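Enquirer:
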Amino acid sequence: MVQLRDLETHDAMPGVTLGDVGPKIGFNNVDNGYCSFNRVRIPRLNMGMRFATVTREGKYVKNSDVPQEVLYFTMLQTRMVFIRSAGVNLAKACTISIRYSAVRQQGYDANYPKSKEELSVLDYQTQQYRLFPLLAAAYAIVLTGNRVDDFSAALSEQMKSGEVSLLSVGHVMSCGLKVLTTDLATAGIETARRACGGHGYLLSSGLPILLGDAAQTVTTEGDNLVLSIQTARALLKILASYKKTGKVPEPMAFLGNIDKLPNATPRTQKQWLEPQNYVAAFEQRFLYQLRSYVQKISTESSATVGLQNNSMDTLKLTNSYANLVLVKTFAEAVQAPSTLTSEFLSSPAILNVVRLLCHLFALTQLEATAGEFMESGCVFPSEMPIIRANIEELLKLIRPHAVTLVDGFNFSDHTLNSTLGRYDGNVYEALYESAQHDPLNHSSDKVALHELLR
């Protein structure tokens, strides 16, 4: 603990220099500053030295029996918080863009040439293909975030008793899921913004602000590319422990199938809508990539050298692992909702609709990296057309429930702060009202005329 400011004057203490780093592209409600010290003495009693100490001679010493993960447990917990917040940010963007797309009308239905009523933009398949997978991803990430929050609480309690057996799992989970969820959310918010056309470019839409705030999460508490290397290293440690002891922590139980070959039997269109089948495909893809990675780095002089020389593969491996966790958790939620802290899944009618989102999330994530699945041997090229046919059908089935599904997040208009995402659907009235607050629309001074033209 270091006193930075005088308690009376609030000026910086002698030898302490404080400042702000300047405006950022987003998240400006939080200050980011710098601090430097010049001949400032910090008493040893001010230091938290449970896991490491500084001797009177100024030497840093780490307690030998403390796992490395303990030293940055706070950072680990912060990464876990980012997972659910990524889902919430994406859910906000989906709420805004889907509500707006339901209200916005443009063009006519080619299936009914005599109809004079314009189509809702949300009725176009292209708009559905843009937005519904994002909605599915938001649900998947929020549900997984709930599971991670529960795990984090259990981990904190375990730490209090000195037990650290689950720390390695917490490390790989926080790193891997932080990488994928923040990437999905940041890219998804931009997709949602584009789906709102020119109105999505307005600050009043709320989407640019959401995007600016979300953009920092791919860097904060560890750049995602760097964290992918951390994830790969942690996976290798857990796998090595399993190979040595035959034991694997419950959240990583799928590592027990590391030596099993992929299912070599093509599935029907109906079978691809059964969670156990697509979860198995994601598991087999990940295990294939993990086996390949282990084999690749085994030719290097050491694991550290192997990680450095093959870091290109770590992001793919990390995303593969995190995707498996998201799909598996979502599938478990729609099959046994009591295992998750998700009260909105308690109704059978709601559960049936959310199950459609689970299918859509899994199949669109598979489609996006189809080459990896086919390379691993768990998906045949001949299966891709039926997977895409399922996606098209799921879009149709989700369409009648899309607005209700975003309403289910229960964001208030105040929280969304968006002209496009209003609950009452009065988008154009809100846009006009917002424009009236622009100072240019109230100024009687012809500034440009006097300063530039005369």
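Be aware that the sequence shown starts at 4, since it is given in our numbering, and climbs by one per residue.
From the three backbone atoms N, C-alpha and C, an ideal C-beta is built for every residue, glycine too.
What you are looking at is a predicted structure, and each value in this text was computed from that prediction instead of being measured.
(1) Check Ala392 in the structure and name its three-state DSSP category.
(2) Leu242 to Ser104, Cα distance in whole Å?
(3) Taking only three categories from DSSP, how would you classify Cys38?
(4) Under 8 angstroms between the Cβ atoms of Leu79 and Ser177?
(5) How many Å lie between Gly225 and Asp23 at the Cα?
(6) Can you check which of these residues, Arg294, Ala336, Thr129, is closest to Asp316 by C-alpha distance?
(7) If you draw a straight line from the alpha carbon of Lys181 to that of Met83, how long is it in whole angstroms?
(8) Using CA coordinates, which residue listed in Leu125, Arg133, Ala157, Thr220 is at the minimum distance from Phe30?
(9) Can you tell me whether Leu206 is helix, strand or coil according to DSSP?
(10) Beta strand (DSSP E) containing Asp23: first to last residue?
(11) Should the segment 409–420 be called in touch with the segment 378–396, which here means at least 3 C-beta pairs below 8 angstroms?
(12) With Val64 as the anchor, note down where its alpha helix (DSSP H) starts and where it stops.
(13) Is it buried or exposed for Tyr426, if we count other Cβ within 10 angstroms and need 16 for buried?
(14) With DSSP as the reference, please indicate the residues paired to Ala15 in a beta bridge.
(15) Which first and last residues belong to the beta strand (DSSP E) in which Ala55 is found?
(16) Exposed or buried, what is Cys38 when buried is set at 16 or more other beta-carbons lying within 10 Å of its beta-carbon?
(17) Can you tell me whether DSSP reads Gln108 as helix, strand or coil?
(18) Taking three-plus beta-carbon pairs below 8 angstroms as touching, is the segment 134–145 in contact with the segment 92–100?
(19) Between Pro136 and Leu408, how many whole angstroms is the CB-CB distance? I'm expecting something under 8 angstroms.
Expert: With the structure as the only source:
(1) For this step, residue 392 is matched to residue 389 along the sequence shown. In the three-state DSSP reduction, Ala392 falls in the helix class (H, G or I).
(2) Sequence index remark: in the sequence shown, residue 242 carries index 239 (1-based). Sequence index remark: in the sequence shown, residue 104 carries index 101 (1-based). Per the coordinates, the alpha-carbon of Leu242 lies some 46 angstroms from the alpha-carbon of Ser104.
(3) As a position in the sequence shown, residue 38 is number 35, starting the count at 1. In the structure shown, Cys38 sits in a strand (DSSP, three-state: E or B).
(4) As a first step, residue 79 must be located in the sequence shown, where it is residue number 76. As a first step, residue 177 must be located in the sequence shown, where it is residue number 174. At a Cβ-Cβ threshold of 8 angstroms, Leu79 and Ser177 count as neighbours.
(5) Against the sequence shown, residue 225 aligns to sequence position 222. Against the sequence shown, residue 23 aligns to sequence position 20. In this structure, the straight-line span from the alpha carbon of Gly225 to that of Asp23 is close to 21 angstroms.
(6) For the purposes of this step, residue 316 is identified with residue 313 of the sequence shown, where counting begins at 1. With distances taken between Cα atoms, Asp316 lies closest to Arg294.
(7) What you label residue 181 is simply residue 178 of the sequence shown in a count that begins at 1. What you label residue 83 is simply residue 80 of the sequence shown in a count that begins at 1. Going by the C-alpha atoms only, they are around 7 angstroms apart.
(8) By one-based count along the sequence shown, residue 30 stands at place 27. Ranking Leu125, Arg133, Ala157, Thr220 by Cα distance to Phe30 puts Thr220 first.
(9) Numbered from 1 along the sequence shown, position 203 holds the residue referred to as residue 206. Looking at Leu206 - three-state DSSP - the assignment turns out to be helix.
(10) Position 20 of the sequence shown holds residue 23. From DSSP, the beta strand (DSSP E) with Asp23 extends over 19–23.
(11) No, because fewer than three Cβ pairs between the segment 409–420 and the segment 378–396 fall closer than 8 angstroms, the two stretches do not touch.
(12) Here the question's residue 64 lines up with position 61 in the sequence shown. First-last for Val64: 63–65, but that is the beta strand (DSSP E), not the alpha helix (DSSP H).
(13) In the sequence shown, counting from the first residue as 1, residue 426 sits at position 423. Tyr426 counts as exposed, since fewer than 16 other beta carbons sit within 10 angstroms of its beta carbon.
(14) Translated into the one-based positions of the sequence shown, residue 15 becomes position 12. For Ala15, which the question treats as bridged, DSSP gives the partners Arg8.
(15) Translated into positions along the sequence shown, residue 55 becomes position 52. Where Ala55 is concerned, the enclosing beta strand (DSSP E) stretches over 55–57.
(16) The residue given as residue 38 occupies position 35 in the sequence shown. With fewer than 16 other Cβ atoms within 10 Å, it is exposed.
(17) For the purposes of this step, residue 108 is identified with residue 105 of the sequence shown, where counting begins at 1. The DSSP-derived three-state label of Gln108 is strand.
(18) Segments in contact, yes.
(19) Taking the sequence shown and counting its residues from 1, the one referred to as residue 136 is at position 133. Taking the sequence shown and counting its residues from 1, the one referred to as residue 408 is at position 405. With 8 angstroms as the limit, Pro136 and Leu408 do not qualify as a contact, their Cβ atoms being about 13 angstroms apart.
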